[in-house]
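Chemist:
Pasting the structure below:
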């Protein structure tokens with residue numbers, strides 16, 4: 064949501080963004096294109112490029128011709144992490160002018176890289192501003208372990224106490240997310256067997272035992288839950304860019320949280336790890352894929368959504384699964400040991416040429432990366448001549464259901480295989496047994512060694 068607050072010659076623009084709505088900041092820029100001064104556009108564009116989730120930022124602009132209160136399409140009207148604060152009423156600013164306000168958000172399910180955000184607000188090239196921190200409760204001075212302090216009190220100008228602050232958007236308080244307790248492995252209802260779970264399952268089959276993995280936004284977030292159902296989360300190191308390292312990252316409106324993790328790492332350090340090539344494999348979403356194997360995730364259907372951490376993760380990871388449906392808009396499947404297309408999607412996602420390149424297939428080949436494109440009915444591999452169809456789902460007609468729904472004709476592998484039937488069946492796939500078999504010593508090798 065955008066709030067525009069006029070105060071004499073100064074207008075304050077407050078942008079509230081929910082965690083799963085990071086990419087919609089491009090809409091905010093578009094909405095203000097004809098109304099806002101260039102400075103505002105630059106700042107909002109910078110926030111969009113930064114790709115941060117779950118923040119509230121404020122900009123003050125002298126002489127801005129901005130009026131009223133606007134709801135930007137896609138941003139919604141729900142309560143944000145800072146509640147419904149009106150900064151013009153709650154912040155008695157000592158310094159008025161063209162100022163930037165950096166807001167710290169405290170949440171025990173995610174690490175708070177407060178000092179990094181704060182130092183941006185103290186940039187000497189940026190006019191001074193106050194720091195507002197939201198907390199659930201106050202602590203007596205000196206009662207906290209000094210090594211647990213993320214933002215020193217001397218740097219905070221205003222504190223807003225919200226005793227009803229929730230840990231995530233749908234969980235009030237979870238000791239598992241906070242890392243104070245470990246969730247026991249007890250029986251629970253599995254995820255419904257739908258198109259998203261089918262794709263997540265197939266992507267998970269690419270994860271070797273012991274691998275350090277990244278789970279991207281969207282369908283890939285479900286991999287943590289699928290691995291939990293299969294009982295193999297202790298044999299993989301699943302990570303997400305928000306800082307969860309190991310354990311079980313969660314999905315949906317709680318994306319970024321997790322439980323039973325090995326460590327919770329500050330997000331900037333997690334990206335240092337990714338940039339340094341620390342991952343073995345990643346599962347990331349795609350919006351468009353073209354004949355060369357290029358992927359677009361950041362600008363399509365006339366909207367700029369931003370790439371987030373996608374470029375960092377995809378650049379240095381040796382094995383990548385790009386996941387998504389073959390078509391979109393109206394796609395309906397019947398899943399029972401295979402796939403039947405009940406209603407085909409009207410929007411092809413495999414196109415002759417992507418609108419924008421978020422992932423370069425040419426660079427991937429130069430780096431020697433192994434790339435798979437995983438859909439609900441087919442799997443493709445990146446080869447020297449572009450995409451190659453290597454697997455199709457049981458029950459699928461290759462010409463009608465796969466090649467006929469693409470904007471180009473990929474090469475079909477000579478040894479075209481059928482996708483694993485277990486992906487499309489109810490109940491666990493038995494991956495724990497697969498991992499145990501992979502870890503067992505080879506009797507033939509043992510005999511040779513003796």
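Residue numbers (my numbering): 64 to 513.
We treat Cβ as the ideally placed atom computed from N, Cα and C, and that holds for glycine.
Just so we're clear, the structure is a prediction, and the values are computed from it rather than from any experiment.
Confirm the yes/no value for this check: CB of residue 380, any heavy atom of the ligand FMN, distance under 7 Å.
Modeler: Among the components modelled here there is no ligand, and therefore nothing to report on the ligand FMN.
Chemist: Could you have a look at residue 430 and say whether DSSP puts it in helix, strand or coil?
Modeler: In the three-state DSSP reduction, residue 430 falls in the helix class (H, G or I).
Chemist: Give me the Cβ distance between residue 390 and residue 365, rounded to the nearest whole Å; I'm assuming they're in contact under 8 Å.
Modeler: Between residue 365 and residue 390 the Cβ distance is about 19 Å, and since that is not below 8 Å, they are no contact.
Chemist: For residue 361, which of helix, strand or coil comes out of DSSP?
Modeler: coil
Chemist: Report the rounded CA-to-CA distance for residue 343 versus residue 274, giving the unit in angstroms.
Modeler: 6 Å
Chemist: Would you please state the rounded distance, in angstroms, between the beta carbons of residue 267 and residue 282? I believe it to be under 8 Å.
Modeler: Their Cβ separation, rounded to whole angstroms, is 11 Å, which puts residue 267 and residue 282 out of contact at 8 Å.
Chemist: Would you check if there are 3 or more beta carbon pairs closer than 8 Å linking the stretch 332 to 351 to the stretch 374 to 381?
Modeler: yes
Chemist: Residue 463: buried (16+ other C-beta within 10 angstroms of its C-beta) or exposed?
Modeler: exposed
Chemist: Identify every run of the alpha helix (DSSP H) within the stretch 363 to 412, keeping only runs that are complete inside it and at least 4 residues long; order them along the chain.
Modeler: 373 to 379
Chemist: Do residue 455 and residue 476 have their C-beta atoms closer together than 8 Å?
Modeler: no
Chemist: Tell me, please, whether the CB atom of residue 313 is closer than 8 Å to any CB atom in chain B?
Modeler: As a matter of chain content, chain B is missing from the structure shown, which is built from one protein chain.
Chemist: Do you know whose CA, among 232, 258, 417, 228, lies nearest residue 396's CA?
Modeler: 258
Chemist: Suppose contacts are defined by Cβ-Cβ distances below 8 Å. Is residue 349 in contact with residue 386 by that definition?
Modeler: Yes, these two residues count as a Cβ contact at 8 Å.
Chemist: Taking all protein chains shown into account, decide if residue 484 is buried (16 or more other Cβ within 10 angstroms of its Cβ) or exposed.
Modeler: Exposed is the call here.
Chemist: Can you give the Cα-Cα distance for residue 236 and residue 243, rounded to whole angstroms?
Modeler: Taken atom to atom, the span from the alpha-carbon of residue 236 to that of residue 243 is near 11 Å.
Chemist: So, using beta-carbon positions, are residue 459 and residue 472 closer together than 8 Å?
Modeler: no
Chemist: Buried or exposed for residue 318, going by 16 or more other Cβ atoms inside 10 Å?
Modeler: buried
Chemist: Identify whether residue 487 lies in helix, strand or coil by the three-state DSSP scheme.
Modeler: The three-state reading of DSSP puts residue 487 in helix, counting H, G and I together.
Chemist: Assuming residue 384 and residue 334 are in contact, meaning their beta carbons sit under 8 Å apart, how far apart are those beta carbons, in whole angstroms?
Modeler: Residue 384 to residue 334, Cβ: 20 Å. No contact.
Chemist: Hey, residue 413 and residue 470 are a contact pair by Cβ (cut 8 Å); roughly how many whole angstroms apart?
Modeler: The pair is a contact, with the Cβ atoms about 6 Å apart (cut-off 8 Å).
Chemist: Can the beta-carbon of residue 491 be found closer than 8 Å to that of residue 269?
Modeler: no
Chemist: Of the residues 304, 457, 461, 426, which one's Cα is nearest the Cα of residue 449?
Modeler: 426
Chemist: From what residue to what residue does the beta strand (DSSP E) around residue 480 run?
Modeler: Its beta strand (DSSP E) spans residues 474 to 481.
Chemist: What are the complete beta strand (DSSP E) segments, minimum 3 residues, inside the stretch 181 to 263?
Modeler: Correct list: 194 to 198, 221 to 224.
Chemist: Short of 7 Å in beta carbon distance, which residues of its chain neighbour residue 261, apart from the five on each side in sequence? Order them along the chain.
Modeler: 398, 439, 486, 487
Chemist: How far does the beta strand (DSSP E) with residue 347 in it extend, from its first residue to its last?
Modeler: 344 to 348
Chemist: Going by CA-CA distance only, name the one from 436, 326, 291, 208 that's closest to residue 250.
Modeler: 291
Chemist: What is the residue span of the beta strand (DSSP E) that residue 453 lies within?
Modeler: 449 to 455
Chemist: Which residues in the same chain have their Cβ closer than 6 Å to the Cβ of residue 416, if we skip the five residues on either side of it in sequence?
Modeler: 353
Chemist: How about residue 321 and residue 313: do their beta carbons lie closer than 8 Å?
Modeler: Yes, the pair counts as a contact, with Cβ atoms nearer than the cut-off.
Chemist: What does the alpha-carbon distance come out to for the pair residue 498 and residue 392?
Modeler: 37 Å
Chemist: From the DSSP output, in three-state form, read off residue 441 for me.
Modeler: strand
Chemist: Compute the Euclidean distance between the alpha carbons of residue 400 and residue 252, then round it to the nearest angstrom.
Modeler: 20 Å
Chemist: Are residue 272 and residue 501 close, meaning C-beta to C-beta below 8 Å?
Modeler: A contact, by the Cβ cut-off of 8 Å.
Chemist: Please classify residue 340: is it buried, with 16 or more other beta-carbons within 10 angstroms of its beta-carbon, or exposed?
Modeler: exposed
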